[in-house]
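Residue numbers (our numbering), protein chains in the order written: chain H, 25 to 456; chain A, 25 to 456.
And the structure:
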């Protein structure tokens, strides 16, 4: 028995996007190109061919405003997309605000994070080029498990180097990678030259994404059958994530005539925040709304708020092209905070560029403030947010508390934290 | 950019049910009453009052066909309900069947299982009666975490006794309970007389749900502010779970004119299978369709396929009323299989009754067959099923493989297995 009235505060009635949105086409200045580390010249397709399939190389430099999502990718997206835009009534009540707060929730994907949006696309384009093996790095494991899932969809073997701090403290995402048929190593490992060199110099290192990138890139370069996949930072990754923001803009329009006053997302490599925010920047450029857009990063790894905007390598060994970005320096090793996905020394060049253009601002949140926000969120809404996402929640809480009138706020909830529960347990013990 | 065409194979367009469905009202014979262990007479409201609030006691014996879902409960349900009915195209392809297989997926709830459907209702009725503390038992931890979440919604403290085998091998659900503000103990514990007695006799026991029930019941009885909550077995729990089947019947009707040919669900205490199946039995009784309904249980704990149908206690210490059910005997301690939610010696009296009336049949699946099905499911669909749910998947796979024509099948996917990943890792290692 049911009535036709629908109580659901989850807004899912919009369709799965047919295209990815390329903000670069709408910006007054182009995103600075990636440079070849040897020549200092912009990298061309031939430079990238040992690492990436042709479809992704084309997307890295495309000037098209919309890029069509291939049907096989869209069909897999449709298993969980559109992801819900959830009105957080219980959370609003818990924090005592009259603002209307929405979460765009990517935890509904099979692996529980936004990473699947790019993983499926990357596996597809590699499959098109006949690639049978992909190597990658992962922090907390969201990206590695997403790529393992995507690889299983297209018959591609996936080999993952996971940052040691996360590999040791959070084994579940490694189990997940194996369940999908993938392989996982702790990084730095003895399997690559880059790893052996780092271990010789700093045997007790907790690892870093920059180190793990070096290992995965090297493993791809030495194997002609293999290619490399990056889970954030690059333009094509950001492009894939724009399904998030496109849906959110459409969903919000169904319930809020004025659009958003502010959009908050966590930023590690930047693809989550950029994927949510870029369609909102399109709204700004076209004059439909003018939200504040905030990238919430950890105080332990504050690339936007404390880093320099300059060309730097994406990895420790200096194997990647030079990227124009906010960076703490390729050798920066952040404390082993629980938000493993935010422990990256640099920031997406596309997102960095929008920061420089004034569309996005950064804010840094310390770990305990983030977890306190996560616990409040879990006890009210029920969803346990990923430690990364708690940074965005905390930043939004601070902003609505300081606002002088009720606001409409969208929080990017990049994933759930069910596989990060030891981090919550540790935080709660520290509070006793 | 999007078109109005919707690719999504998830069927979520039906509304959240307004009522729970009480199959008892439609059966030719009543469900045998629970008996007082002292007098052998049917238990009355006064007997149950130390354990349960008045609203739930009324539901335990109601003869109403539909029981209205209170608005506060329905509002919380609406955060994730209707749960999706997913056409499993990738899984169908992986197992090479032309049958059309659907999963009714309860893993979208905040804690990742169907248990929230009853937990929220039970917390609500206790809150109505002014109860401030609930005690309960849990196996793998789905029920304990669901009740901890529900308690947080209504300001009720939740104290959980978890079966030792699961407490030690799968700590994440314990962390989840703490994140929601609940308390958790390994069972048997030294906190109760029942626990101390069991530990004195069998200090190395892996625990059982029957033991944990004894501890939680005792803790509620000795504390006048506290009540007890049971996560399965009883009529009111089964009643709450009928939101699953009501939605599934409606959702399936949108895409399959003839309804289902078969419905598979895993059965431990029985509430998951009954919640899915009872609305399908209503369809049988009213002549709209005639699906085979299968309760998949583990060979390690085969209460329907190997147990006796008789009156037995729900717990080891004999504190609960006598229940007419399929039972392996209250002292039965199953092997510590990973499907902790299926390690219960008895079976819901309501479900047992429908087995006796011929509406439901049991089948037993061994653990490795279940995990093999789970891995095939994960690698194709992406969703990692709860170990409990893999029993239903395996049973459905066997049935469609033996069918002589394409069938329409509904599998009850009671939850996801993200917090049970060590079990998958162990299974995969055994296969190498």
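Beta carbons are placed, not taken as given, at the ideal position from N, Cα and C, and that holds for glycine.
Cut-off 6 Å between Cβ atoms - residues of its own chain near residue i, not counting five sequence neighbours on either side
{"i": "residue 191 of chain A", "result": "210"}
{"i": "residue 418 of chain H", "result": "389, 393, 394, 397"}
{"i": "residue 236 of chain H", "result": "161, 185, 187, 211"}
{"i": "residue 412 of chain A", "result": "290, 363, 365, 366, 438"}
{"i": "residue 331 of chain A", "result": "350, 351, 352"}
{"i": "residue 220 of chain H", "result": "214"}
{"i": "residue 359 of chain A", "result": "324"}
{"i": "residue 101 of chain A", "result": "40"}
{"i": "residue 368 of chain A", "result": "233, 292, 293"}
Candidates the options: closest to residue i by CA position
{"i": "residue 453 of chain A", "options": "A/426, A/399, A/44", "result": "A/399"}
{"i": "residue 241 of chain A", "options": "A/156, A/269, A/184, A/278", "result": "A/184"}
{"i": "residue 320 of chain A", "options": "A/314, A/423, A/176", "result": "A/423"}
{"i": "residue 313 of chain A", "options": "A/444, A/449, A/113, A/432", "result": "A/432"}
{"i": "residue 37 of chain H", "options": "H/414, H/109, H/90", "result": "H/109"}
{"i": "residue 428 of chain H", "options": "H/383, H/372, H/121, H/387", "result": "H/121"}
{"i": "residue 82 of chain A", "options": "A/260, A/440, A/99", "result": "A/260"}
{"i": "residue 281 of chain A", "options": "A/273, A/288, A/287", "result": "A/273"}
{"i": "residue 297 of chain H", "options": "H/75, H/232, H/416, H/74", "result": "H/416"}
{"i": "residue 335 of chain A", "options": "A/373, A/159, A/102, A/157", "result": "A/373"}
{"i": "residue 144 of chain H", "options": "H/164, H/176, H/132", "result": "H/176"}
{"i": "residue 421 of chain H", "options": "H/105, H/119, H/86, H/89", "result": "H/119"}
Three-way DSSP call (helix, strand, coil) for residue i in this model
{"i": "residue 449 of chain H", "result": "helix"}
{"i": "residue 456 of chain H", "result": "coil"}
{"i": "residue 44 of chain H", "result": "strand"}
{"i": "residue 440 of chain A", "result": "strand"}
{"i": "residue 313 of chain H", "result": "coil"}
{"i": "residue 234 of chain A", "result": "helix"}
{"i": "residue 38 of chain H", "result": "coil"}
{"i": "residue 378 of chain H", "result": "helix"}
{"i": "residue 356 of chain A", "result": "coil"}
{"i": "residue 395 of chain A", "result": "helix"}
{"i": "residue 205 of chain H", "result": "coil"}
{"i": "residue 305 of chain A", "result": "helix"}
{"i": "residue 155 of chain A", "result": "coil"}
{"i": "residue 384 of chain A", "result": "coil"}
{"i": "residue 435 of chain H", "result": "strand"}
{"i": "residue 126 of chain H", "result": "strand"}
{"i": "residue 76 of chain H", "result": "coil"}
{"i": "residue 193 of chain H", "result": "helix"}
{"i": "residue 28 of chain A", "result": "In this prediction, residue 28 of chain A has a pLDDT of 35, which is less than 50 and means its spatial position is unreliable; what the coordinates show is noted afterwards. Note: residue 28 of chain A maps to coil in three-state DSSP."}
{"i": "residue 107 of chain H", "result": "coil"}
{"i": "residue 329 of chain A", "result": "helix"}
Proximal residues of chain A, C-beta to C-beta of residue i below 7 Å
{"i": "residue 458 of chain H", "result": "Given that chain H is displayed from residue 25 to residue 456, the structure contains no residue 458 of chain H and the question cannot be resolved."}
Own chain residues within Cβ distance below 7 Å of residue i, not counting five before or after
{"i": "residue 226 of chain A", "result": "none"}
{"i": "residue 148 of chain A", "result": "94, 96, 97, 178"}
{"i": "residue 91 of chain H", "result": "43, 44, 46, 83, 263"}
{"i": "residue 112 of chain A", "result": "125, 126, 127, 405"}
{"i": "residue 309 of chain A", "result": "50"}
{"i": "residue 194 of chain H", "result": "164, 165, 443, 444, 446"}
Contact list for residue i against chain H, beta-carbon separation under 9 Å
{"i": "residue 448 of chain A", "result": "199, 200, 202, 203"}
Contact list for residue i against chain D, beta-carbon separation under 9 Å
{"i": "residue 132 of chain A", "result": "Going by chain labels, chain D is absent from the structure shown, which instead holds the protein chains H and A."}
8 Å CB neighbourhood of residue i in its chain, flanking five on each side removed
{"i": "residue 26 of chain A", "result": "Low confidence applies to residue 26 of chain A: its pLDDT is 40, below 50, so where it sits in the model is not reliable enough to give any reading."}
{"i": "residue 52 of chain H", "result": "381"}
{"i": "residue 117 of chain A", "result": "404"}
{"i": "residue 449 of chain A", "result": "none"}
7 Å Cβ cut-off: residues of chain H touching residue i
{"i": "residue 173 of chain A", "result": "406"}
{"i": "residue 176 of chain A", "result": "403"}
{"i": "residue 136 of chain A", "result": "442"}
Proximal residues of chain H, C-beta to C-beta of residue i below 8 Å
{"i": "residue 166 of chain A", "result": "Chain H residues near residue 166 of chain A: none, gap ~12 Å exceeds 8 Å."}
{"i": "residue 196 of chain A", "result": "196, 442, 443, 445, 446"}
{"i": "residue 352 of chain A", "result": "In chain order: nothing, as chain H lies at least about 31 Å away."}
{"i": "residue 452 of chain A", "result": "202, 203"}
Proximal chain A residues relative to residue i, where beta-carbon distance stays under 8 Å
{"i": "residue 399 of chain H", "result": "203"}
Chain A residues whose Cβ lies nearer than 9 Å to that of residue i
{"i": "residue 306 of chain H", "result": "Result: empty, since nearest Cβ-Cβ is about 11 Å, beyond 9 Å."}
Task: Touching by the beta-carbon criterion (3+ pairs, under 8 Å), the segment 302-317 of chain A and the segment 36-49 of chain A - done: Yes, since at least three Cβ pairs between the segment 302-317 of chain A and the segment 36-49 of chain A fall closer than 8 Å, the two stretches touch.
Task: the segment 128-146 of chain A / the segment 251-266 of chain A touching (three or more Cβ pairs under 8 Å) - done: Counting Cβ pairs under 8 Å, three or more are found: they touch.
Task: the segment 57-72 of chain H contacting the segment 332-350 of chain H, beta-carbon criterion three pairs below 8 Å - done: Segments in contact, yes.
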